[in-house]
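> To convert, count from 1 in the sequence shown and add 95; that's this note's numbering.
Beta carbons are placed, not taken as given, at the ideal position from N, Cα and C, and that holds for glycine.
Everything numeric in this text was worked out from a predicted model, so none of it was measured.
The structure under discussion is supplied below as structure tokens; questions concerning it will follow.
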Amino acid sequence: MDHTKYLCFIKIFLRLGKLYQYLEKEIMSKDKLDNDKKELPSATDDAADVMPKYIKKREKIDLRDQKFKFPPIDYEKPPHF
Numbered sequence: 096m097d098h099t100k101y102l103c104f105i106k107i108f109l110r111l112g113k114l115y116q117y118l119e120k121e122i123m124s125k126d127k128l129d130n131d132k133k134e135l136p137s138a139t140d141d142a143a144d145v146m147p148k149y150i151k152k153r154e155k156i157d158l159r160d161q162k163f164k165f166p167p168i169d170y171e172k173p174p175h176f
């Protein structure tokens, strides 16, 4: 065989090696991302108690959260009803 054929084979093997390294790196990074996502707690598991520490602040927040409640309005019905 000529030296050029050997060089072609060597170039092909080097390219395959680089391709293998690239694919291996991609697969490892995807696996790592999947594992990281599995280890994170869900939002409901990680939720904190967000109520204020002091009672007065709690009462103020409760008052703001309450909606005004009015009795229903009795409208006169038009004659065609």
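Within a Cβ cutoff of 7 Å, which residues of the same chain sit near Glu119, ignoring the five residues on either side of it in sequence?
As a working note, residue 119 is residue 24 in the sequence shown. Result list for Glu119: empty, nothing under 7 Å.
> I need the straight-line Cα distance from Leu109 to Cys103, nearest angstrom please.
Taking the sequence shown and counting its residues from 1, one reaches residue 109 at position 14. Taking the sequence shown and counting its residues from 1, one reaches residue 103 at position 8. Roughly 10 Å separates the two Cα atoms.
> Quick one: what does DSSP say Tyr170 is sitting in, helix, strand or coil?
Looking up residue 170 in the sequence shown gives position 75. In the structure shown, Tyr170 sits in coil (DSSP, three-state: anything other than H, G, I, E or B).
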